[in-house]
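Each remark here refers to the structure printed beneath this line.
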Amino acid sequence: MPSIQTLWRAVFPSARPLGSMAERLAGAGHGSVARPGAEVAWVRVLHARVPALEGFERGDLAIVPDATLEALTGSGVEPAAVARALDQAGAVAALLLTRDPDSRAASALAEGEGLSLPVLWMEPVDAGALERSVIGYLVNARAELERQAGRLEFEIEALALAGRGLEAQAAAVGTFLGRAVAVEGSRGQVLTAHAPLDRPAAASAAARYLRDPRVAACRITLPQVATPAQEERELRAMGALVILGEEPATELERAAGERVAALLALQIAAEAARSRRRPPGKEGLPAAGPPWVAIVARQGRDPAEDSSETRERVRDRLRRLAPARRLSLRGDASSLEIRLIAAVDVADPTGERFAARVATSLDRMVALSATFSEPGDRGLAESEARAALEAREALKNSGFDRIARVSHLPVYRLLGNLHHLPDGARSAPQLLAPLLVGGPAARRNRLATLRAILDHPSAADAARSLGIHRNTVAYRIARIEILTGWDLANPEFRLALSVALRLVQNDQENAGSQTVESP
56 MPSIQTLWRA VFPSARPLGS MAERLAGAGH GSVARPGAEV AWVRVLHARV
106 PALEGFERGD LAIVPDATLE ALTGSGVEPA AVARALDQAG AVAALLLTRD
156 PDSRAASALA EGEGLSLPVL WMEPVDAGAL ERSVIGYLVN ARAELERQAG
206 RLEFEIEALA LAGRGLEAQA AAVGTFLGRA VAVEGSRGQV LTAHAPLDRP
256 AAASAAARYL RDPRVAACRI TLPQVATPAQ EERELRAMGA LVILGEEPAT
306 ELERAAGERV AALLALQIAA EAARSRRRPP GKEGLPAAGP PWVAIVARQG
356 RDPAEDSSET RERVRDRLRR LAPARRLSLR GDASSLEIRL IAAVDVADPT
406 GERFAARVAT SLDRMVALSA TFSEPGDRGL AESEARAALE AREALKNSGF
456 DRIARVSHLP VYRLLGNLHH LPDGARSAPQ LLAPLLVGGP AARRNRLATL
506 RAILDHPSAA DAARSLGIHR NTVAYRIARI EILTGWDLAN PEFRLALSVA
556 LRLVQNDQEN AGSQTVESP
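Per the numbering used here, the very first residue in the sequence shown carries number 56; after that it's consecutive.
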């Protein structure tokens with residue numbers, strides 16, 4: 056008999072933990088539940104009747120439709136009582152089918168006092184069909200895995216017939232598995248990556264992979280595809296479907312990946328063939344170039360942007376920033392990132408002005424690549440911009456603007472690795488200890504003043520950044536030097552203070568304590 060963990064990952068991987076179980080699973084994916092190793096003997100659907108648990112036996116998985124829970128609650132049965140009854144009956148876990156996991160009934164079901172019953176939830180589906188899927192896995196696991204993989208294969212086929220590209224197909228795979236995925240080309244280059252919107256851990260896994268493509272749970276090789284222009288000896292694998300994250304790939308993920316690998320390979324070959332048929336300068340790049348620049352930003356950064364409709368509105372707004380001959384918007388609303396290719400002109404030879412317009416329109420940080428003139432360099436430009444964005448986002452309280460420049464990547468990486476300094480975590484608080492006394496307001500003013508002094512070339516500039524009079528800054532500088540005995544005119548001392556200030560502020564943010572924002 057399979058454990059609840061195995062069944063969860065194989066049959067309903069899109070389910071998520073509910074209630075206090077979520078905290079136990081934080082950072083561990085599907086790793087363990089309240090009853091680790093508990094085996095599932097059978098599955099039953101909870102019906103809206105009293106007694107509702109008629110027929111339940113020890114080792115059963117309880118499927119609880121939201122309508123059933125509402126009906127029982129309406130008849131005077133408390134959700135906590137349902138949870139206690141399931142617990143006492145020996146149920147292995149409860150799977151709640153609901154669109155509102157934050158409802159009072161759902162919370163009461165998951166947070167019953169003294170319960171050891173794991174509770175999962177997923178979007179409503181046909182409870183009977185889900186029950187048959189679980190039974191199918193219990194009776195013949197391999198056959199059920201193949202049936203589920205066939206469902207994904209059918210979905211990918213439908214997308215291909217509808218003319219949807221590789222990014223849409225990768226998004227379908229990631230959504231089906233509830234996990235971040237990527238598709239690599241024959242040379243190992245990242246063609247597309249997708250992280251399901253409702254899985255924060257998936258976005259983190261995708262970010263780690265984009266920083267270091269060697270980080271992956273498994274790679275499923277995409278088969279060779281012949282084209283009329285190829286000879287047999289020239290054939291090679293089209294690339295790989297990459298399952299991302301720290302957890303090993305499950306049987307379902309491997310089975311589903313193997314079923315869709317050929318379809319993904321065909322899509323890569325088809326898109327490559329279309330690219331070869333395009334006349335020069337038409338490879339998805341603005342006709343006004345070269346030279347071009349790549350601009351990369353996060354998509355769906357805010358919860359309010361997590362719907363496809365909202366994302367499309369954002370993308371439409373970007374398209375209006377420049378005519379099509381000067382701007383190409385890549386990907387779609389399901390992409391992990393917003394990627395633009397812009398043709399630069401003599402008035403903006405590095406693309407910085409246009410990148411600033413994009414940052415203002417999005418109200419977020421964007422990354423800007425170096426200029427490039429060969430169409431084949433587009434992928435490298437996007438990859439370098441992505442690396443700059445990752446490195447810049449890792450910096451806390453920095454004085455940089457909202458454009459992460461590839462040319463500044465060594466600076467971002469150097470500052471981002473300050474926490475690796477030997478004895479840095481101990482020496483930095485010791486150095487700043489004279490400023491970390493008194494009330495919170497006093498400490499905040501001292502650190503803000505110090506940061507402004509270190510980040511600006513003059514007292515007048517520091518005063519403007521703080522929004523105070525320069526005489527006030529001069530007074531604060533004098534007070535700090537009296538309090539600490541420091542010489543703030545000494546360049547070596549300023550360097551040490553700047554490093555220490557960043558270390559202390561980063562530690563405060565990472566610990567979740569109150570931080571001092573950059574003025």
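Idealized CB from N, CA, C, for every residue including glycine.
Assigned exposure category for residue i - 16 Cβ within 10 Å defines buried
i: residue 143; result: exposed
i: residue 415; result: exposed
i: residue 328; result: exposed
i: residue 500; result: buried
i: residue 124; result: buried
i: residue 121; result: buried
i: residue 233; result: buried
i: residue 495; result: exposed
i: residue 62; result: buried
i: residue 60; result: buried
i: residue 194; result: exposed
i: residue 383; result: buried
i: residue 517; result: buried
i: residue 56; result: exposed
i: residue 533; result: exposed
i: residue 497; result: exposed
i: residue 275; result: buried
i: residue 152; result: buried
i: residue 280; result: buried
i: residue 547; result: exposed
Start-to-end residues for the beta strand (DSSP E) that takes in residue i
i: residue 279; result: 273 to 279
i: residue 425; result: From DSSP, residue 425 is part of no beta strand (DSSP E); its letter is neither H nor E.
i: residue 246; result: 245 to 249
Sub-8 Å separation of residue i and residue j beta-carbons
i: residue 246; j: residue 350; result: no
i: residue 116; j: residue 95; result: yes
i: residue 221; j: residue 326; result: yes
i: residue 264; j: residue 299; result: yes
i: residue 235; j: residue 204; result: no
i: residue 98; j: residue 189; result: yes
i: residue 397; j: residue 425; result: no
i: residue 486; j: residue 550; result: no
i: residue 103; j: residue 58; result: no
i: residue 311; j: residue 185; result: no
i: residue 373; j: residue 348; result: no
i: residue 301; j: residue 200; result: no
i: residue 380; j: residue 341; result: yes
i: residue 352; j: residue 242; result: no
N- and C-terminal bounds of the alpha helix (DSSP H) containing residue i
i: residue 210; result: 196 to 216
i: residue 525; result: 525 to 539
i: residue 387; result: Element bounds for residue 387: n/a, residue is neither H nor E.
i: residue 123; result: 121 to 129
i: residue 630; result: Lying outside 56 to 574, the shown extent of the chain, residue 630 is not represented and no answer is given.
i: residue 24; result: There is simply no residue 24 to check, as the chain begins at 56 and stops at 574 in what is shown.
i: residue 502; result: 495 to 510
i: residue 444; result: 433 to 448
i: residue 521; result: 514 to 521
i: residue 103; result: That residue, residue 103, is in no alpha helix (DSSP H); it is neither H nor E in DSSP.
i: residue 407; result: 407 to 417
i: residue 461; result: No alpha helix (DSSP H) contains residue 461, which DSSP labels as neither H nor E.
Pairwise C-alpha distance: residue j and residue i
i: residue 64; j: residue 155; result: 22 Å
i: residue 529; j: residue 515; result: 9 Å
i: residue 345; j: residue 237; result: 29 Å
i: residue 295; j: residue 239; result: 5 Å
i: residue 257; j: residue 391; result: 11 Å
i: residue 432; j: residue 543; result: 46 Å
i: residue 68; j: residue 231; result: 8 Å
i: residue 375; j: residue 508; result: 40 Å
i: residue 334; j: residue 435; result: A caution first: residue 334 carries a pLDDT of 48, below 50, which makes its placement in the model unreliable, though a value can still be read off. When rounded, the distance between both Cα atoms is 21 Å.
i: residue 191; j: residue 202; result: 9 Å
i: residue 227; j: residue 506; result: 47 Å
i: residue 162; j: residue 173; result: 13 Å
i: residue 16; j: residue 527; result: Since the displayed the chain opens at 56 and closes at 574, residue 16 lies outside it and no answer follows.
i: residue 87; j: residue 66; result: For residue 87, the predicted structure reports a pLDDT of 41, less than 50, and the residue's modelled location is therefore unreliable. A value from the coordinates is still provided. If I take the Cα positions, the gap works out to 17 Å.
i: residue 132; j: residue 138; result: 11 Å
i: residue 225; j: residue 429; result: 27 Å
Near the ligand ADP: residue i beta-carbon under 7 Å from a heavy atom
i: residue 387; result: In the structure on display, the ligand ADP does not appear, and there are no ligands present to speak of.
Chain C within 8 Å of residue i, Cβ atoms only
i: residue 179; result: No chain C is part of this structure, which consists of one protein chain only.
ask   = Are the region 396 to 416 and the region 271 to 279 touching by the rule of at least three beta carbon pairs closer than 8 Å?
value = no
Stretch pair the region 115 to 130 + the region 146 to 154: three plus CB contacts closer than 8 Å = yes
task = Count the CB pairs spanning the region 209 to 223 and the region 383 to 394 that are closer than 8 Å, and state whether there are at least three.
result = yes
request  = Decide yes or no for the touch test of the region 519 to 528 against the region 455 to 465: beta carbon pairs closer than 8 Å, at least 3 of them.
outcome  = no
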